[in-house]
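Protein chains: 2
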Amino acid sequence: MTERKARADAARNREAVLAAADELFASGGGPRGVSMEQVAAAAGVGKGTLFRRFGDRNGLIRAVFSARSEAVRAAVESGPPPLGPGAAGRERVPAILDALLAFKLDNRHLSLALEEAGAGSPYEVEHYGWWHGVMRDALRDTAVPDAGFAAHALLAAVRADLVEHLASAEEMPGREMRERLAAYAAKVVG
Amino acid sequence: MTERKARADAARNREAVLAAADELFASGGGPRGVSMEQVAAAAGVGKGTLFRRFGDRNGLIRAVFSARSEAVRAAVESGPPPLGPGAAGRERVPAILDALLAFKLDNRHLSLALEEAGAGSPYEVEHYGWWHGVMRDALRDTAVPDAGFAAHALLAAVRADLVEHLASAEEMPGREMRERLAAYAAKVVG
DNA sequence: AACGATACGGACTGCTGGTCCGCTTTGTAA
DNA sequence: TTACAAAGCGGACCAGCAGTCCGTATCGTT
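Quick note, the sequences are listed as chains L and B, same order.
Residues in the first sequence are numbered consecutively from 34, following this note's numbering.
Residues in the second sequence are numbered consecutively from 34, following this note's numbering.
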């Protein structure tokens with residue numbers, strides 16, 4: 034895409050930054066308290082490098098997030114049913130939601146950081162558009178009227194901060210959360 | 034409550050700040066670009082005053098929000114059905130959601146500011162707990178299993194940033210949004 | 001070897017939320 | 001009216017952050 038040629042040191046630094054950021058974000062009190070300067074230091078590069086490569090804070094978060102979420106995306110895009118294409122909407126919708134929730138449970142800090150966005154709403158991030166598209170298509174195959182809106186509504190139910198709230202404030206175990214979500218999703222598509 | 038005695042100038046300033054903040058938040062590009070210093074200047078008070086009265090940025094936003102949302106809260110808490118108590122869950126749930134959505138449409142900037150929170154998630158704010166409680170109670174009166182989770186899920190469908198996205202990026206008129214939400218809510222409680 | 005192109009890094013800037021404390025206003029009591 | 005403590009005020013001040021800039025170092029190509 035935008036990658037014409039990559040100089041060796043540039044590529045190396047890029048990886049170092051991604052790794053350092055991933056680790057810093059995951060550790061301690063989430064990405065909120067992690068400054069760009071810290072990331073730069075941990076990666077052993079200068080602040081300038083970091084900003085040139087990733088544009089701004091959100092760019093960095095998005096990059097780390099992309100790397101982490103590739104697997105789920107692939108599973109949904111071309112994995113076996115019911116998560117992948119091929120399954121009936123009634124089964125695929127809950128499967129997709131569950132996969133997304135499971136991912137967010139495993140990557141709470143990162144997801145939170147992405148949705149906090151900092152600059153824009155989570156809805157401006159490209160990855161949301163993708164999930165919405167997939168969800169809407171799956172919903173079209175069900176009795177739900179207005180798949181577009183329903184897709185938004187269902188995805189909203191797994192917003193990172195809600196997940197975080199349920200897990201922390203309400204002390205709900207991940208397993209239980211997934212069951213409850215599944216029941217809710219079933220009700221919606223049923 | 035915490036108000037034992039209020040000195041005349043203190044009360045005057047409090048009002049001035051609330052008014053100035055409300056106006057500043059509403060105008061221009063939302064509350065994101067409004068600094069505390071600007072609010073102080075517009076209200077004709079010093080920064081110190083502002084922070085002493087409201088604690089921090091979020092405190093100010095919460096205060097402005099509370100003032101604005103009193104009406105809806107009252108209508109839900111003790112107004113006539115179907116919004117107020119007394120109506121069957123199947124009717125009250127959509128009514129509450131619609132009222133909330135209508136309010137957010139009318140106070141987009143403010144709602145956005147509140148949910149952006151800045152410090153904590155929207156779920157830590159007391160007003161969310163209240164809405165969730167009302168919603169859960171209304172849902173208990175329907176066939177929906179797990180009213181607690183469903184309440185979270187339904188409220189998530191009217192998150193300020195989603196509303197903003199639908200209104201701006203998808204250019205969905207308020208009226209249409211409310212219809213779609215009503216249809217979705219009906220499906221959930223039906 | 002040599003020479004543009006590319007990338008580096010950290011000092012620097014501008015702005016923000018929040019604190020601090022000497023000074024002013026208010027309300028009360030004499 | 002005066003006196004005086006408590007309550008409140010304001011803006012200089014601080015620390016920390018995202019993001020910029022540009023002289024210098026590295027790369028890879030001829």
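Backbone N, C-alpha and C fix where the C-beta goes; we use that ideal spot for every residue, glycine too.
Treat the numbers as computed from the prediction; the structure is a model and nothing was measured.
Chain L contact residues for V221 of chain B, given Cβ-Cβ distances below 7 Å: K220 and V221
Under 7 Å from the C-beta of S154 of chain L: neighbouring residues of chain B: D194, E197 and H198
Residue of B:L138, B:H185, B:A44 and B:F87 minimising C-alpha distance to P225 of chain B: With chain B covering 34 to 223 only, the question about residue 225 of chain B has no answer from this structure.
Below-8 Å beta-carbon distance, P206 of chain L vs any chain B residue: no
Contained beta strand (DSSP E) runs [length at least 3] in the region 67-147 of chain B, N- to C-terminal order: none
Length of the line joining the Cα atoms of A218 of chain L and V167 of chain B: 22 Å
Where D179 of chain B meets chain L, residues with beta-carbon distance less than 8 Å: R213, A216 and Y217
Pick from L:N91, L:D89 and L:A128 that is closest to A108 of chain L, judged by C-alpha positions: L:A128
Per-residue burial, E159 of chain B [other beta carbons within 10 Å of its own, 16 or more giving buried]: exposed
CB of A76 of chain B within 8 Å of CB of A53 of chain B, strictly: yes
Short CB-CB distance (under 8 Å) between F87 of chain L and chain B: no
DSSP state of D174 of chain B mapped onto helix, strand, coil: coil
The region 109-127 of chain L touching the region 54-68 of chain L, judged by at least three CB pairs closer than 8 Å: no
Any C-beta of chain B under 8 Å from that of F58 of chain L: no
Whole-angstrom distance between R86 of chain L and E36 of chain B, CA atom to CA atom: Note on E36 of chain B: pLDDT 47, under 50, position unreliable in the model; the coordinate value appears next. Near 52 Å, if we compare the C-alpha coordinates of R86 of chain L and E36 of chain B.
Straight-line gap, R125 of chain B to L172 of chain B (C-alpha atoms, nearest Å): 9 Å
Range of the contiguous alpha helix (DSSP H) that encloses G181 of chain B: A180 to A189
C-alpha gap between N91 of chain B and L147 of chain B, whole angstroms: 7 Å
Residue of B:P155, B:A104 and B:H198 minimising C-alpha distance to P155 of chain L: B:H198
DSSP state of A219 of chain L mapped onto helix, strand, coil: helix
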